[in-house]
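Visitor: In our numbering, the protein residues as written are 640 to 1220. A virtual CB, placed ideally from N, CA and C, is assigned to each residue, including glycine.
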Ligand code: PEP
Ligand code: MG
């Protein structure tokens, strides 16, 4: 077959394995194309009315969500929520935009756009950081009014035809969550690293993906034929017939391999000398439970609950939380489910519209996870009460993300104690012995893991963040992706220290970062005596195969060897020797 388009092979960062073939759908970011349009003098009044109507629509939308927000956050946060509403009354928005429509005879969209430009520039000149940051809020309000004026809505994944391949600059984790529902085959984006949350969600949904491609949006056109090779981090644009057929064959081989591995499903994750570990799964949504149950995993080692907050404008109520946790607890019986309290922030921004939930200059070092929970105790306690209530329906454990040290753990436990008392005062039953775990993902927590372990029931190592913070390598930034190195001696030493600290305090230690699902590291982690490996369902059979093919004695030797060398070539050679894939 003749191929008139040019084949182009792009190399990116592999995010989610597997192969997908389909037609390109370009998912562009919201981009208002605002041009000045002269209006007749007689039409000025109508144009002003149109602007006022848009403001009043945005007000109604915000007021409707406000009530729900306050119910969860508590009344004391009313001023915060009111700030957005107040901005709509702001004279700059009202007076200046209207004046420009009248004086210059221009359309409302252009008048709003140019007024916002002026305001944004003024904000940038302010010395005070707090006020400078408010420009984001003004821009957000501006976007909402503009959407109303133009009738333009944020593009939705549902607009892509089934079996498409999404091509975009970036995808929010919330958009990624909808890909499966809309039968999208795969995606490729300009930005992102291997452990960015879009990549993690894609793995959970088992959608092949390549990230960090830098400029794929400039190379691909709507309707181009695309192959996503998620195993090698390649994207092939308009492949020739031979390449297409090769990939179709590879798809079939993969399906056969998976079937082969399925035979291990009901066998234990046990070494040849009888050392048993636990293999569990990471999930973001209930849709993944079927894959978890099919994978042969013995429980859920990480339920990332922040995804419950991302696709909505007000936080979930205690009842909504309760229903979801009850469903997971019941479906997973007799296995346990570790529910992590919300880890909003970083690359998982919720649109809840209150301070700390909006964008920051340095979000991974900002208001994230437990920091937000401690700032908004009512929001946190609603989630804790729901987990506690659901704990009587199954085997639940609770996990706190981004704990930096013992003090923060104590604060979180104090709020948990208050939540228990609130339930007891209403005679509501819960598992009084529910286990509390701490994510070890900040170097300060890793170095004080001995103290933390004494005050909780288990540790769970979050290597995605631990590596990012220890090596100062942004997990989202494709330019430094090659420096994101799990085998750096500092990381190996920290892992050993954390695992030993947990064991010395008599506690078990798991790992829920991506390192736990990478076959390269399985034997080393086994040798360090990690107790639980938690990963996307698709990875479970392969990791089980490695564990069942090695002995603990061999694994310990390998761990000792890699910890005692600082020479990269020797290190890689040693690992190659020890890896059984
Ligand atoms: C981690 O940091 O390793 C982790 C599991 O948490 P998340 O990826 O959600 O930040
Ligand atoms: Mg983390």
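Report buried or exposed for residue 1106, applying the criterion of at least 16 other Cβ atoms within 10 angstroms of its Cβ.
Guide: Burial call: buried.
Visitor: Could you check whether the Cβ of residue 890 sits closer than 7 Å to any heavy atom belonging to the ligand PEP?
Guide: Flag unset: Cβ of residue 890 not near the ligand PEP.
Visitor: How big is the Cα-Cα spacing for residue 987 and residue 943?
Guide: Taking the straight line joining both Cα atoms gives about 11 Å.
Visitor: Residue 658 and residue 889: beta carbons closer than 8 Å?
Guide: Yes; because the gap between Cβ atoms is below 8 Å, this pair is in contact.
Visitor: For the ligand MG, which residues count as neighbours when the test is a C-beta closer than 5 Å to any heavy atom?
Guide: Going by the Cβ distance cut-off, the answer is 1080, 1101, 1104.
Visitor: Give the DSSP-derived three-state secondary structure of residue 1174 in the structure shown.
Guide: Note: residue 1174 maps to strand in three-state DSSP.
Visitor: With a threshold of 6 Å on Cβ separation, who are the neighbours of residue 842 within its own chain once the five nearest residues in sequence on each side are excluded?
Guide: Result list for residue 842: 655, 1175, in chain order.
Visitor: Write down the C-beta distance between residue 1214 and residue 1169 rounded to the nearest angstrom, noting that I regard them as a contact closer than 8 Å.
Guide: Not a contact, Cβ separation roughly 16 Å.
Visitor: So what's residue 1151 in DSSP terms, helix, strand or just coil?
Guide: Reduced to three states, the DSSP call for residue 1151 is coil.
Visitor: In the segment 867-939, which residue ranges form an unbroken beta strand (DSSP E) of at least 3 residues, counting only runs that do not cross its ends?
Guide: Whole beta strand (DSSP E) segments, 3+ residues: 873-876, 917-922.
Visitor: Return the Cβ separation of residue 1163 and residue 1128 in integer angstroms, given the expectation that the two are a contact with Cβ distance under 8 Å.
Guide: Their Cβ separation, rounded to whole angstroms, is 12 Å, which puts residue 1163 and residue 1128 out of contact at 8 Å.
Visitor: To the nearest angstrom, how far is it from the Cα of residue 870 to the Cα of residue 735?
Guide: When rounded, the distance between both Cα atoms is 54 Å.
Visitor: Tell me the rounded alpha-carbon separation between residue 749 and residue 682.
Guide: Each residue's Cα considered, the two are about 15 Å apart.
Visitor: For the alpha helix (DSSP H) holding residue 650, just list the boundary residues, first then last.
Guide: Residue 650 -> not in any alpha helix (DSSP H); beta strand (DSSP E) instead, spanning 647-650.
Visitor: Out of 724, 805, 908, state which residue places its alpha-carbon closest to the alpha-carbon of residue 860.
Guide: It is 805.
Visitor: Hey, residue 1026 and residue 964: beta-carbon distance below 8 Å or not?
Guide: Against a cut-off of 8 Å, the Cβ pair of residue 964 and residue 1026 comes out as a contact.
Visitor: What distance in whole Å lies between the Cβ atoms of residue 648 and residue 928, which are believed to be in contact at a cut-off of 8 Å?
Guide: Not a contact, Cβ separation roughly 37 Å.
Visitor: Which runs of the alpha helix (DSSP H) fall wholly inside the segment 672-750 and span at least 4 residues, in chain order?
Guide: Those alpha helix (DSSP H) runs which fall completely within the segment 672-750 and span 4+ residues are 683-712, 717-726, 736-743.
Visitor: Examine the ligand PEP and report whether any of its heavy atoms sits within less than 7 Å of the Cβ of residue 1076.
Guide: No, Cβ of residue 1076 sits at least 7 Å from all heavy atoms of the ligand PEP.
Visitor: Name, in chain order, the residues that DSSP records as bridge partners for residue 1074.
Guide: Per DSSP, 1036.
Visitor: Please determine whether the Cβ atom of residue 1152 lies at a distance below 7 Å from any heavy atom of the ligand PLP.
Guide: This structure simply doesn't include the ligand PLP; it includes the ligand PEP and the ligand MG instead.
Visitor: Can the beta-carbon of residue 832 be found closer than 8 Å to that of residue 850?
Guide: Yes.
Visitor: Measuring CB atoms only, is the segment 1052-1060 touching the segment 1016-1026, in the sense that at least three cross pairs come out at less than 8 Å?
Guide: Enough Cβ pairs lie closer than 8 Å, so yes.
Visitor: Is the Cβ-Cβ distance between residue 912 and residue 1190 less than 8 Å?
Guide: Yes. Within cutoff.
Visitor: What did DSSP end up calling residue 984 once you bin it into helix, strand or coil?
Guide: Strand.
Visitor: Quick one: residues in its chain with C-beta nearer than 7 Å to the C-beta of residue 1181, no 5 flanking neighbours on either side, listed in chain order?
Guide: Only 900, 1158 meet the Cβ criterion.
Visitor: Closer than 7 Å: is that where the CB of residue 943 sits relative to any heavy atom of the ligand PEP?
Guide: True, at least one ligand heavy atom lies under 7 Å from that Cβ.
Visitor: Give a yes or no on whether the C-beta atoms belonging to residue 980 and residue 1019 are separated by under 8 Å.
Guide: Contact: yes.
Visitor: In whole angstroms, what separates the C-alpha of residue 653 from that of residue 824?
Guide: About 16 Å.
Visitor: Applying the criterion that 16 or more other CB atoms from any shown protein chain within 10 Å of the CB defines a buried residue, is residue 725 buried or exposed?
Guide: Its Cβ having fewer than 16 others within 10 Å, residue 725 is exposed.
Visitor: Which stretch, first to last residue, makes up the alpha helix (DSSP H) that contains residue 1093?
Guide: Per DSSP, residue 1093 belongs to the alpha helix (DSSP H) from 1088-1093.
Visitor: Can you determine whether any heavy atom of the ligand PEP sits closer than 7 Å to the C-beta of residue 977, and answer yes or no?
Guide: No.
Visitor: Applying the 10 Å Cβ sphere with the 16-neighbour rule, what's the burial state of residue 1132?
Guide: Flag for residue 1132 reads exposed.
Visitor: How big is the Cα-Cα spacing for residue 1110 and residue 948?
Guide: Taking the straight line from one Cα to the other gives about 30 Å.
Visitor: Along the chain, where does the beta strand (DSSP E) containing residue 1098 start, and where does it finish?
Guide: Note, residue 1098: beta strand (DSSP E), 1097-1100.
Visitor: Cβ of residue 839 within 7 Å of any heavy atom in the ligand PEP?
Guide: At least one heavy atom of the ligand PEP is nearer than 7 Å to the Cβ of residue 839, so yes.
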